[in-house]
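Numbering (our numbering), first residue to last: 12 to 86.
Even for Gly, the Cβ is constructed at its ideal location relative to N, Cα and C.
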């Protein structure tokens, strides 16, 4: 079962990143006005994600099971 592990908003307030407990990352445009908003999805390479944070134009996420830190370039 997947649940939300962490959420962060980009510095320019255009995107929301959501880390799910099953290791998936979802990217939403912000703001959104619907519950069924479209999103892009990427896999964190770990069984679960613990945290996600925007740093400039990068997104940093970590994997709680493998201890890895991932850096994503948003373009």
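Got a sec: does the ligand MN put a non-hydrogen atom nearer than 7 Å to the Cβ of residue i?
i          : result
residue 63 : The ligand content of the structure shown is nil, which means the ligand MN is not present either.
Going by DSSP in three states, residue i sits in which element: helix, strand or coil?
i          : result
residue 49 : coil
residue 84 : strand
residue 77 : coil
residue 62 : strand
residue 72 : strand
Could you pull out every residue in the same chain whose Cβ sits closer than 6 Å to the Cβ of residue i, ignoring the five residues on either side in sequence?
i          : result
residue 13 : 31, 32 and 33
residue 83 : 70
If I measure Cβ to Cβ from residue i and keep anything under 7 Å in the same chain, skipping five residues before and after, which residues do I get?
i          : result
residue 49 : none
With residue i as the anchor, note down where its beta strand (DSSP E) starts and where it stops.
i          : result
residue 41 : No beta strand (DSSP E) contains residue 41, which DSSP labels as neither H nor E.
residue 19 : 15-20
Buried or exposed: where does residue i fall if 16 or more other Cβ atoms within 10 Å of its Cβ makes it buried?
i          : result
residue 68 : exposed
residue 63 : buried
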